[in-house]
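Report on the following structure.
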Amino acid sequence: MRARIPWLGLAVLFAAFLAWEAVSRGFAGLGDYVPPPSRMLGMLGQILVSGELLFHAQATLARFAGAYALAAVVAVSAGVAFGSSRVLYSFVEPLVELLRPMPSPATIPIAILFLGIGNEMKIAVTAYACTWPILLNTLDGVRGVDRVLRQTAATFGVGPWRTLFQVVIPAASPQIVTGLRVSLAIALILVTTSEMVVADDGLGFFILDLQRSFRIPEMYAAILALAVLGYLLNQAFLTIDGWVMAWHRLGTRKEVV
Amino acid sequence: MNARPSRWNGVALLVALTLLWEAAGRAGWVHRLFFPPVSRILQSFVTLVASGEVLPHVGVSLWRAGLGYLLAALAGIGLGIAMGYWRQAYEAAEVVIELGRALPPPAIIPVAIVFLGIGDMMKVFVIFFACAFPILVNTTDGVRAVDPVLLRTARTFGLGEAAIIRKVMVPAAAPYIMTGLRVALAIALILTVISEMVGATSGIGYFILDSQRSFRIPQMYAGMLVLALLGYLLNRAFLLADTRLLAWYRRGAESA
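Protein sequence lines correspond, in order, to chains P and U.
Under the numbering used here, the residue at position 120 of the first sequence is numbered 142, and the numbers go up by one with no gaps.
Under the numbering used here, the residue at position 65 of the second sequence is numbered 185, and the numbers go up by one with no gaps.
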């Protein structure tokens with residue numbers, strides 16, 4: 023599927039790094055603010071070897087995984103329940119409409135009050151933020167399930183639980199996956215933010231701390247590491263999505279042809 | 121399933137929850153200090169709005185969010201059209217954009233502080249950075265999805281490059297562009313709050329965190345209420361603009 027190597031794009035990236043290197047070395051004062059990429063890479067190696075980077079990355083990943091898993095379980099279940107019953111959803115609709123537009127980082131201060139400044143606070147805030155896209159997409163997906171599918175299952179005497187797991191959830195899964203993908207990016211944003219506001223480990227804390235102690239080349243190196251982490255998580259998601267949803271692509275492709 | 125259930129169900133639940141909150145707050149079931157009754161929060165809200173204490177914070181947040189969003193829209197749509205129209209431009213920028221997009225935007229805050237200090241421009245830059253990607257990616261997708269027949273027809277009728285972009289490309293890609301703008305609106309608010317929490321002395325994000333740190337708890341909840349209202353109103357305004365701008369598109373889609 024992705025056999026093409028973006029040579030031109032890589033060349034542009036390389037050229038940009040070369041230009042950056044030249045400019046940063048050319049002007050003496052600038053090097054403190056924008057260290058040349060070669061120094062950044064050197065620093066990346068250094069914080070990798072010293073174990074600092076891995077220590078903080080591990081803390082961030084653990085929070086990310088906990089919060090994301092929690093949100094996925096809660097939001098998919100809630101989405102399936104509310105999507106299956108309009109009456110049930112009518113009870114929570116105003117609540118959803120009220121809470122959804124509020125930018126999720128605003129919950130950080132409340133979470134600090136009730137959960138302190140530890141892992142629980144960060145996981146709660148991140149899970150809260152991730153819940154919305156998954157919930158709303160699951161809701162839409164479940165509502166959009168073709169009636170004929172449900173009726174066919176009923177005609178064949180399939181029980182409600184089997185219908186749920188073998189008809190409704192698979193039929194809604196493309197949208198559930200969309201919600202999960204959107205949440206992936208949101209989870210990283212909220213984890214790093216909560217680490218910036220209050221923490222003593224994690225990549226968000228690490229980057230801000232490096233800036234505050236004016237270790238600027240290390241700061242850039244840590245940011246680069248975070249970008250790589252984000253990229254890898256996204257690729258992992260796409261790979262898993264490719265395996266799990268292969269049946270769906272196959273089916274839709276046939277329809278088109 | 122058939123009849124639409126009454127809207128009052130939800131309102132009733134909301135009222136019940138509010139009453140429960142009030143009772144819990146008064147009785148101190150949760151925590152006397154951290155969980156004040158709703159009436160005290162509303163009272164604090166009214167005082168904040170009436171005294172004008174919160175308005176400057178809202179104004180400053182809106183100004184930062186608005187400027188960052190506007191710049192992101194200009195850059196994102198402009199670059200997105202270029203990348204959708206010229207394959208070479210797309211291939212050249214592809215890797216750099218994929219790399220930038222993978223970075224969680226809050227990570228750019230320390231860089232912005234190094235260059236721009238902790239003033240307004242730092243926040244504007246962070247908001248700009250975060251909002252530019254969804255707008256750019258959606259615009260590029262939209263332009264690439266334009267029906268080639270439309271383009272060939274326009275060329276056959278002798279339209280120039282600029283006219284094609286303005287009269288064919290942009291309208292055809294408009295639904296995608298609006299999707300990008302809607303996603304970016306939510307992101308703009310999120311990043312406004314985040315950047316104001318990390319380094320600021322004004323703005324609604326700062327106001328909420330500062331209220332919590334100085335233990336003015338009802339005021340913290342009132343600040344969150346202000347923020348929720350702000351988010352709701354901005355979203356409404358966007359939907360209104362969206363309906364007007366894309367009315368022609370929806371009508372077409374219905375009749376098709």
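We treat Cβ as the ideally placed atom computed from N, Cα and C, and that holds for glycine.
Quick caveat: nothing in here was measured; it's all calculated off a predicted structure.
Closer than 8 angstroms at the beta carbon, the chain U residues around N256 (chain P): A222
Same chain, Cβ closer than 6 angstroms to T138 (chain U), five either side skipped, listed in chain order: V158
L366 (chain U) beta carbon less than 8 angstroms from that of A380 (chain U): In the structure as shown, chain U starts at 121 and stops at 376, and residue 380 (chain U) therefore has no counterpart that could be examined.
Contact set between the segment 45-65 of chain P and chain U, restricted to residues whose Cβ is under 8 angstroms from the partner: Y55
Exposure of Y242 (chain P), with buried meaning 16 or more beta-carbon neighbours within 10 Å: buried
Per-residue contacts from F136 (chain P) into chain U (C-beta, under 9 angstroms): V150, H151, F154, F155
7 angstroms Cβ shell around R203 (chain P) - same chain, five flanking residues per side excluded: F259
Distance between beta carbons of L353 (chain U) and L117 (chain P), contact taken as under 8 angstroms: With a Cβ gap of about 18 angstroms, L117 (chain P) and L353 (chain U) do not count as contacting.
Distance between R356 (chain U) and G264 (chain P) (C-alpha atoms, nearest Å): 36 angstroms
Segments assigned alpha helix (DSSP H), at least 4 residues, entirely inside the segment 102-138 of chain P: 108-121, 130-137
C-beta contact flag for G204 (chain U) and V269 (chain U) at 8 angstroms: no
Whether L311 (chain U) touches V244 (chain U) by CB criterion (8 angstroms): no
Buried versus exposed call for W154 (chain P) [16 or more other C-beta atoms within 10 Å across all chains shown]: buried
Continuous alpha helix (DSSP H) assignments of at least 4 residues falling wholly in the segment 273-345 of chain U: 281-284, 290-318, 324-333
Inter-residue CB distance, Q197 (chain P) and D162 (chain P) (contact presumed, cutoff 8 angstroms): 6 angstroms
Beta-carbon contacts of D240 (chain U) that lie in its chain and below 7 angstroms, excluding the five residues immediately before and after: R184
V180 (chain U) versus G323 (chain U): straight-line alpha-carbon distance, rounded: 6 angstroms
Own chain, CB closer than 6 angstroms to S205 (chain P), minus 5 neighbours either side, in chain order: C152, P155, I156
Partners in chain B for F77 (chain P), counting only beta-carbon separations shorter than 7 angstroms: Of the chains in the structure shown, none is chain B; the protein chains are P and U.
Residue-level contact to chain U via CB, P28 (chain P), 8 angstroms cutoff: yes
Cβ-based burial, A37 (chain P) [other Cβ within 10 Å; buried from 16]: exposed
L366 (chain U) in three-state terms, based on DSSP: coil
Alpha-carbon spacing of M23 (chain P) relative to T261 (chain P), whole angstroms: Low per-residue confidence applies at M23 (chain P): pLDDT is 45, beneath 50, and the placement is therefore not dependable, though the value from the model is reported in the following sentence. When rounded, the distance between both Cα atoms is 11 angstroms.
Cβ distance (whole Å) where P92 (chain U) is taken to contact L248 (chain P) below 8 angstroms: Outside the displayed range of chain U (121 to 376) lies residue 92 (chain U), so it cannot be described from this structure.
Length of the line joining the Cα atoms of W29 (chain P) and F235 (chain U): 32 angstroms
Any non-hydrogen atom of the ligand MN within 7 angstroms of D267 (chain U) CB: As presented, the structure is devoid of all ligands, the ligand MN included, so that no description of it is given.
Where the alpha helix (DSSP H) containing P391 (chain U) begins and where it ends: Outside the modelled stretch of chain U, which goes from 121 to 376, sits residue 391 (chain U), for which no answer is possible.
Cβ-based neighbour list, Y296 (chain U), same chain, cut-off 6 angstroms, excluding 5 preceding and 5 following: N258, D261, G262
Cβ shell of A132 (chain U) (< 8 angstroms), same chain only, five flanking positions each side left out: none
Neighbourhood of D362 (chain U) by C-beta, 8 angstroms cutoff - its chain only, sequence neighbours within 5 removed: M298, R302
Pair within 8 angstroms by beta-carbon distance, A84 (chain P) and L225 (chain P): no
Residue nearest to M289 (chain U) in terms of C-alpha spacing, selected from U:Q163, U:S171, U:W149, U:A202: U:A202
Within 8 angstroms, strictly: CB atoms of P226 (chain U) and I211 (chain P): yes
Spatial distance of F236 (chain P) from E74 (chain P) (CA atoms): 16 angstroms
Any chain U beta carbon closer than 8 angstroms to Y253 (chain P): yes
Within the segment 36-84 of chain P, ranges of the alpha helix (DSSP H) (whole runs, at least 4 residues): 52-55, 59-71
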